[in-house]
Amino acid sequence: KDNLDFIPQVPLFNLLEKFNGEKVFETIAKGGESREIRRYCLRRIPPYVIFVVKRFRNNNFFIEKNPTIVTFPLKGLDLRDYIHPD
Numbered sequence: 706k707d708n709l710d711f712i713p714q715v716p717l718f719n720l721l722e723k724f725n726g727e728k729v730f731e732t733i734a735k736g737g738e739s740r741e742i743r744r745y746c747l748r749r750i751p752p753y754v755i756f757v758v759k760r761f762r763n764n765n766f767f768i769e770k771n772p773t774i775v776t777f778p779l780k781g782l783d784l785r786d787y788i789h790p791d
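So the sequence shown is numbered by my numbering: it starts at 706 and just counts up by one.
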């Protein structure tokens, strides 16, 4: 097939790696006055979970859409490995 028809796919579990509590994210405010270091973790899982994935990014000239498809299991979604041990 042609490479232009290829749509990238990523499993939901790859996106959840952000919430392992170990990975450090450093953000710099506009103008460079302040820096923040953040770590994300899940403390508990509610009965209903809604995931919001940022699909659009502003470029200097236009808005870009991320065409990546997020795959996830329809039944038996086990998130125990992503809860922070307290």
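Beta carbons: idealized from backbone N, C-alpha and C, even for Gly.
It should be emphasised that the depicted structure is a prediction, and the values quoted were computed from it without experimental measurement.
Where the beta strand (DSSP E) containing residue i begins and where it ends
i      : result
Asn763 : 761-763
Phe730 : 730-733
Arg740 : 740-743
Lys770 : 768-770
Nearest-angstrom Cβ-Cβ length linking residue i and residue j, presumed shorter than 8 Å
i      : j      : result
Ile712 : Ile768 : Actually they do not touch by this definition, with Cβ atoms about 19 Å apart.
Phe718 : Leu747 : Incorrect: roughly 13 Å between the Cβ atoms, too far for contact.
Ile742 : Val729 : 6 Å
Boundaries of the alpha helix (DSSP H) in which residue i is found, first to last residue
i      : result
Leu721 : 717-721
Simplified DSSP assignment, three categories, for residue i
i      : result
Arg785 : helix
Rounded straight-line distance, which links the Cα of residue j to that of residue i
i      : j      : result
Val757 : Leu721 : 12 Å
Arg744 : Glu731 : 9 Å
Arg760 : Pro790 : 30 Å
Pro772 : Arg740 : 30 Å
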